[in-house]
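Numbering of the sequence shown is given in our numbering, commencing with residue 2 and proceeding in unit increments. Data first, discussion second: the structure below is written as structure tokens.
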Amino acid sequence: MRSLILLTASRYLAPLLLGASLWILLRGHNEPGGGFVGGLLAAAAFALKVVGAGVAAARRALRVNPHFLLGAGLLTALASGLPALLAGLPFFTGRWIRIPVAGEASWKVGTVLGFDVGVYLVVTGAVLLIVFTLAEE
């Protein structure tokens, strides 16, 4: 029998953990944090769902196979090195562009963020693969 307290807690905490993981991911390419810590937090949100509602409910909430997250993360991290190659620089050399937001404000976005997104997906997929496998046994 699943715990009503954990089930209720997972409903409220999982979205907060996912939001925090995205904030840490976006903050991390300029400051401490990034893809690894963000991926761990995202996996923790679904691991909490496993404890509260079971593996089947957590898999439904995830909506994709953890193997897909691993593959997509590896491809994303690898693709983040291509802009440097196209510019004639060594692979994985950081490249940045400014994206206008409103008026004169702009966001500075770099290939480092693409690499962090790849790491985020790989870590989330790997941890969830482990959690789901252990919980199903």
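Note that CB positions come from ideal geometry on N, CA and C, so glycine has one too.
Using C-beta distances below 8 angstroms, list every residue in its chain close to residue i, excluding the 5 sequence neighbours before and after it, in chain order.
| i | result |
| --- | --- |
| E137 | V56 |
| V102 | W108 |
Can you find the residues in the same chain that come closer than 7 angstroms, C-beta to C-beta, to residue i, ignoring five residues on each side of it along the sequence?
| i | result |
| --- | --- |
| A127 | L71 |
| P67 | G126, L129, L130, F133 |
| P84 | R96, T112 |
Look at residue i and residue j and say whether their C-beta atoms are less than 8 angstroms apart.
| i | j | result |
| --- | --- | --- |
| D117 | G29 | yes |
| L7 | G53 | yes |
| Y121 | G82 | no |
| G36 | V124 | yes |
| G39 | L26 | yes |
| V113 | I98 | no |
Output needed for residue i: all residues of its chain with C-beta closer than 6 angstroms, excluding positions within five of it in sequence on either side, in chain order.
| i | result |
| --- | --- |
| G119 | G74, T77, A78 |
| A44 | T125, V128, L129 |
| A46 | A15, L18, L19 |
In three-state DSSP terms, what is residue i?
| i | result |
| --- | --- |
| V56 | helix |
| A88 | coil |
| S1 | The displayed coordinates of the chain run from 2 to 138. Any statement about residue 1 would go beyond what the structure contains. |
| V65 | coil |
| K32 | The sequence as given places Glu at residue 32; Lys does not occur at that position. Coil, per DSSP. |
Per DSSP, which residues does residue i bridge with? Please list them.
| i | result |
| --- | --- |
| G111 | W97 |
| A103 | A106 |
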